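First comes the structure, then the notes that go with it.
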Amino acid sequence: MTNSYKIEVDASRKLFVAAVGGSFQISDAGGLAMAFLMEGSKIQSQTSEYTFVADLSELENVEPSLLDMLEQAFKMYSSIGFKKLYVIESKSAATRQQIREAAEKMNFGGEFVSNMNEIA
Numbered sequence: 007m008t009n010s011y012k013i014e015v016d017a018s019r020k021l022f023v024a025a026v027g028g029s030f031q032i033s034d035a036g037g038l039a040m041a042f043l044m045e046g047s048k049i050q051s052q053t054s055e056y057t058f059v060a061d062l063s064e065l066e067n068v069e070p071s072l073l074d075m076l077e078q079a080f081k082m083y084s085s086i087g088f089k090k091l092y093v094i095e096s097k098s099a100a101t102r103q104q105i106r107e108a109a110e111k112m113n114f115g116g117e118f119v120s121n122m123n124e125i126a
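Sequential numbering from 7 applies to the sequence shown in the numbering used here.
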């Protein structure tokens, strides 16, 4: 695996956090999706009470072949019914631009922030 990812539910703060770091490749997508579904099932009836956070601060690179998949992920996050959506931007300027472009293509309604402290 070329990256690390972690999906967790913080019930006390009502946060659903998907953290992805490293260089994301197609071989990583299946594991991430499975982890997302497993953790998501824990809050399925309470999704509207939770804030979704995509922590991409440690994401170094997204292969160009995965940009369509990234757009689909943004669509999925938007359609699930979370209370709010946040993306913690990558420290990499190139990756930050890739993510913003993917979000713009599908009119992502979330907010981009620099770190977890900016999440309301």
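Glycine included, each C-beta is placed from N, C-alpha and C at the ideal position.
As the structure is a computational prediction, the values presented were derived from the model and not from experiment.
Looking at chain D, is there any beta carbon in it that lies within less than 7 Å of the beta carbon of residue i?
i, result
"GLU14", "The chain inventory of the structure shown lacks chain D, comprising one protein chain alone."
Check residue i in the structure and name its three-state DSSP category.
i, result
"ASN123", "helix"
"SER10", "strand"
"GLU45", "helix"
"SER85", "helix"
"GLU117", "strand"
"LEU62", "coil"
Compute the Euclidean distance between the alpha carbons of residue i and residue j, then round it to the nearest angstrom.
i, j, result
"ALA100", "LEU91", "22 Å"
"MET122", "GLY46", "20 Å"
"MET7", "ALA79", "A caution first: MET7 carries a pLDDT of 42, below 50, which makes its placement in the model too unreliable to give a value."
"TYR11", "ALA25", "5 Å"
"GLY36", "GLU66", "19 Å"
"ALA150", "PHE114", "No information on residue 150 is available, as it lies outside the stretch 7 to 126 that the chain covers here."
"GLN50", "GLU124", "25 Å"
"SER84", "SER18", "22 Å"
"PRO185", "LYS48", "It is not possible to answer for residue 185, since the shown part of the chain is limited to 7 through 126."
"GLY116", "ALA126", "12 Å"
State the CB to CB distance for the pair residue i and residue j, rounded to an integer number of angstroms; the pair is presumed to be in contact (CB under 8 Å).
i, j, result
"LEU62", "GLU95", "6 Å"
"ALA39", "LEU76", "Not really, about 13 Å apart at Cβ, beyond 8 Å."
"VAL4", "PHE30", "The structure shown does not extend to residue 4, since the chain spans only 7 to 126, so no value can be given for it."
"ILE86", "THR53", "6 Å"
"LEU73", "GLN104", "7 Å"
By Cβ distance, which residues of its chain are closer than 6 Å to residue i, with the 5 residues on each side in sequence left out?
i, result
"GLU64", "GLY27"
"ASN14", "Correcting the residue identity first, residue 14 is Glu in this sequence and not Asn. Excluding sequence neighbours, GLU14 sits near VAL23."
Span of the alpha helix (DSSP H) holding residue i?
i, result
"THR101", "99-111"
Tell me which residue opens and which closes the beta strand (DSSP E) that residue i is part of.
i, result
"GLU69", "No beta strand (DSSP E) holds GLU69; DSSP gives it neither H nor E."
"GLY27", "21-30"
"TYR92", "90-94"
Less than 7 Å between C-beta atoms, sequence neighbours within five positions excluded: which residues of the same chain meet that for residue i?
i, result
"LYS20", "GLU55, TYR56 and THR57"
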